[in-house]
Amino acid sequence: MRLIECPGCGEDEDLAGVRQGESGDETITVTCGRCGLVWDRDLTPRCPTCGSDDVRAALRSIVDKSRGTQLSIQSMQVVHLCRTCDADELAVWNRSNTPLAPAELPVDGD
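For the sequence shown, this note's numbering begins at 578 and goes up steadily by one.
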């Protein structure tokens, strides 16, 4: 998740947001607790590496152990892939149009 910070003072913790509007046409109004600045948060998906908004939505599977060591898909996560930084994963998604492999696999606890 990308960092949200106040454009006025740089605060990144004492922030409060209010979501308004219908899905697809919503806005989040953020208030900084330090300096009092109020602004609308930009909801445009961006690449966390290069900041580009030239990204494509894809699905990534989230797996968990269902029986012994058997892994089962538990849910899906929408990820935004950058055409430059995530070119390899984007090529896999474009070829298969099936969920991408999980970013991490479950491990046994101690």
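Glycine included, every Cβ here is placed at the ideal spot set by N, Cα and C.
None of the values given here were measured: they were computed from a predicted structure.
Assigned secondary structure, D665 (DSSP; H/G/I helix, E/B strand, else coil): Three-state result, D665: helix.
Cβ distance (whole Å) where T714 is taken to contact V615 below 8 Å: As displayed, the chain neither begins before 578 nor continues past 687, which places residue 714 out of reach and without an answer.
Residues of its chain near P679, where Cβ-Cβ distance is below 7 Å and the 5 sequence neighbours each way are ignored: Excluding residues within five positions, the ones whose Cβ falls inside 7 Å are R637, S638, I639, V640.
Backbone secondary structure at R644 - three-state DSSP: Secondary structure at R644: strand, using DSSP grouped into helix, strand and coil.
Nearest residue (CA-CA) to E681, options S673, K642, C624: Cα-wise, what sits closest to E681 is K642.
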